[in-house]
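The next block holds one structure in the form of structure tokens; read it before the comments.
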Amino acid sequence: MKSKIPLIAIIGRPNVGKSTLFNRIVERRKAIVDDLAGVTRDRLCADASFRGKAFQLMDTGGLEPTKNEGMLGLVKRQSELAIAEADAIIFLMDGRAGLTPTDREIMNLVRGNPKPIFVAVNKIDIPAKETLVADFCALGVDTLYPVSAEHGLGVDDLLEDIYPLITKHDEDFDGADDGIPQIAIVGRPNVGKSTLINTIAREDRMVVSDVPGTTRDSIDTLVTYYKKSYRFIDTAGIRRRGSIDRGVERYSVLRALKSLGRADIAILVLDSIEGPTEQDTKIAGLALRMGRAMILMINKWDLQEPGADARKAYRQNLHRQMPFLQWAPFLFGSGMKPKTTPLVFKLIDEVMEKYSQRVSTGRLNRFFQELIEKTPPPATKGRRATASFMTQVSVKPPTFVLFTGNPKAFGATYIRFLENRIREEWGFDGTPVRI
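First residue of the sequence shown? That's 8 in my numbering, and the numbers climb one at a time after it.
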């Protein structure tokens with residue numbers, strides 16, 4: 008989807024400081040930064056502003072034009088897609104390393120592109136180092152921008168020259184996407200989360216390979232489907248704590264948890280071959296505690312024996328392991344198959360409607376009074392429970408408050424009964440209900 012505001016892509020070979028520059032401009036730690044070459048492996052987008060005007064900034068995986076296989080080859084393709092999407096390009100190089108053959112190849116790649124190109128030399132953190140920029144004059148560009156992404160030196164000069172492009176789009180920055188459903192794709196590493204989003208978005212936005220944990224960051228993908236917008240958040244696979252042995256992986260898990268925090272719906276992707284695991288249960292429990300609506304995507308179902316009996320057996324097995332998710336709808340399919348896409352959006356729309364549903368106080372209390380007359384809570388110490396009023400206080404998730412003179416009479420068992428009856432009465436499928 009093309010944004011209404013301009014999109015600026017930062018490209019360059021691995022470890023030249025693209026993520027640091029991205030973070031400097033966006034002014035928050037959005038991209039993972041580490042000393043490991045090529046640590047940013049996906050295209051990462053964020054809203055940014057300069058002098059009150061909005062634009063989107065895209066960080067890319069490191070460009071290695073001479074590599075045609077493996078992770079670097081995949082990232083090269085990502086960067087080429089970013090160049091195709093962007094309205095302007097920041098080509099970043101490393102002043103300390105000097106001009107490299109890879110830099111020259113990347114310059115040749117972008118030189119034929121008609122879009123504006125801003126060539127910047129990073130790690131020029133003191134005036135004395137500006138002499139290092141001279142080496143890059145061999146590229147034959149009119150203007151070179153010496154910057155220190157880490158310290159912010161020269162970044163405003165770069166943005167000042169980009170500013171005229173931004174002002175062509177007269178839209179003030181507010182950083183919000185009001186009314187757009189936010190969907191977090193969660194699950195263990197390598198269960199097919201990125202493949203699912205790539206199929207939905209119909210482009211290779213995520214780096215997808217057979218290496219577990221390929222997606223290290225949470226990546227936002229804005230998709231329009233039948234004139235309606237949806238924001239998908241693909242997260243790094245949530246691992247067991249014992250397996251998070253590096254700082255970059257630990258930060259990815261924190262990002263995944265934060266992504267759940269800003270989502271409306273969590274699509275939990277499960278591997279149909281392996282079946283639900285203890286880690287899947289923990290992820291589902293985390294999403295539930297955070298009050299997220301949920302859809303259970305049973306991936307790679309095309310590799311299983313077809314038929315209703317197989318689906319029934321899988322449901323029963325999962326409900327034995329996750330009894331707290333009786334209300335979550337199932338989607339059996341393959342993240343690689345385009346026919347999965349309409350099923351995903353249909354479920355999202357249905358679940359989002361219930362997640363946002365509000366019941367009038369009058370209808371709720373008529374239902375509640377009839378219910379406690381037919382099935383009253385048990386008496387405590389010879390005292391019958393009395394309840395005079397019930398109201399819904401919020402949505403996302405639907406939350407209800409019960410007013411009673413004897414709170415102890417409404418124990419956990421009766422509250423669960425009440426929750427289930429409310430769910431049945433108003434069809435709160437796919438969403439937790441809180442009382």
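A virtual CB, placed ideally from N, CA and C, is assigned to each residue, including glycine. Small disclaimer: the values here were computed from a predicted structure and weren't measured.
Give the single residue among the options whose Cα lies nearest to the Cα of residue i.
{"i": "residue 404", "options": "270, 311 and 347", "result": "270"}
{"i": "residue 341", "options": "207, 154 and 319", "result": "207"}
{"i": "residue 33", "options": "116, 302, 324 and 16", "result": "16"}
{"i": "residue 421", "options": "439, 384 and 373", "result": "384"}
{"i": "residue 163", "options": "350, 381, 21 and 28", "result": "28"}
{"i": "residue 193", "options": "234, 122, 166 and 272", "result": "272"}
{"i": "residue 26", "options": "87, 100 and 377", "result": "100"}
{"i": "residue 168", "options": "282, 195, 127 and 138", "result": "127"}
{"i": "residue 275", "options": "309, 418 and 337", "result": "337"}
{"i": "residue 401", "options": "439, 346, 92 and 306", "result": "439"}
{"i": "residue 144", "options": "175, 87, 107 and 313", "result": "107"}
{"i": "residue 124", "options": "97, 433 and 22", "result": "97"}
{"i": "residue 350", "options": "306, 418 and 87", "result": "306"}
For residue i, does the three-state DSSP call read helix, strand or coil?
{"i": "residue 419", "result": "helix"}
{"i": "residue 99", "result": "strand"}
{"i": "residue 153", "result": "strand"}
{"i": "residue 230", "result": "strand"}
{"i": "residue 287", "result": "helix"}
{"i": "residue 375", "result": "helix"}
{"i": "residue 111", "result": "helix"}
{"i": "residue 356", "result": "helix"}
{"i": "residue 436", "result": "coil"}
{"i": "residue 8", "result": "Low per-residue confidence applies at residue 8: pLDDT is 37, beneath 50, and the placement is therefore not dependable enough to give any value."}
{"i": "residue 238", "result": "strand"}
{"i": "residue 54", "result": "strand"}
{"i": "residue 187", "result": "coil"}
{"i": "residue 90", "result": "helix"}
{"i": "residue 172", "result": "helix"}
{"i": "residue 322", "result": "helix"}
{"i": "residue 333", "result": "coil"}
{"i": "residue 441", "result": "strand"}
{"i": "residue 312", "result": "coil"}
{"i": "residue 348", "result": "helix"}
{"i": "residue 192", "result": "strand"}
{"i": "residue 106", "result": "coil"}
Under DSSP, the beta strand (DSSP E) around residue i begins and ends at which residues?
{"i": "residue 148", "result": "Looking at the DSSP string, residue 148 is not in any beta strand (DSSP E), and its letter there is neither H nor E."}
{"i": "residue 60", "result": "60 to 66"}
{"i": "residue 129", "result": "124 to 129"}
{"i": "residue 411", "result": "406 to 411"}
{"i": "residue 366", "result": "Run containing residue 366: none; DSSP gives neither H nor E here."}
{"i": "residue 306", "result": "300 to 306"}
Does the separation of the CB atoms of residue i and residue j fall below 8 Å?
{"i": "residue 407", "j": "residue 441", "result": "yes"}
{"i": "residue 352", "j": "residue 170", "result": "no"}
{"i": "residue 12", "j": "residue 62", "result": "yes"}
{"i": "residue 95", "j": "residue 172", "result": "yes"}
{"i": "residue 354", "j": "residue 291", "result": "no"}
{"i": "residue 102", "j": "residue 140", "result": "yes"}
{"i": "residue 377", "j": "residue 437", "result": "no"}
{"i": "residue 156", "j": "residue 24", "result": "yes"}
{"i": "residue 425", "j": "residue 398", "result": "no"}
{"i": "residue 343", "j": "residue 202", "result": "yes"}
{"i": "residue 293", "j": "residue 267", "result": "yes"}
{"i": "residue 65", "j": "residue 91", "result": "no"}
{"i": "residue 423", "j": "residue 334", "result": "no"}
{"i": "residue 432", "j": "residue 339", "result": "no"}
{"i": "residue 150", "j": "residue 60", "result": "no"}
The alpha helix (DSSP H) spanning residue i covers which residue range?
{"i": "residue 338", "result": "It is not in any alpha helix (DSSP H) - residue 338 instead sits in the beta strand (DSSP E) that spans 337 to 339."}
{"i": "residue 275", "result": "Residue 275 -> not in any alpha helix (DSSP H); beta strand (DSSP E) instead, spanning 272 to 278."}
{"i": "residue 30", "result": "25 to 33"}
{"i": "residue 14", "result": "Counting along the chain, residue 14 falls outside any alpha helix (DSSP H), though it belongs to the beta strand (DSSP E) covering 14 to 18."}
{"i": "residue 203", "result": "200 to 208"}
So residue i and residue j are in contact, right, with Cβ under 8 Å, and what is the actual spacing, rounded?
{"i": "residue 277", "j": "residue 301", "result": "Contact doesn't hold; Cβ gap of about 12 Å is too wide."}
{"i": "residue 288", "j": "residue 328", "result": "6 Å"}
{"i": "residue 131", "j": "residue 117", "result": "Not really, about 21 Å apart at Cβ, beyond 8 Å."}
{"i": "residue 190", "j": "residue 237", "result": "6 Å"}
{"i": "residue 239", "j": "residue 280", "result": "Incorrect: roughly 24 Å between the Cβ atoms, too far for contact."}
{"i": "residue 361", "j": "residue 435", "result": "5 Å"}
{"i": "residue 359", "j": "residue 188", "result": "5 Å"}
{"i": "residue 284", "j": "residue 195", "result": "7 Å"}
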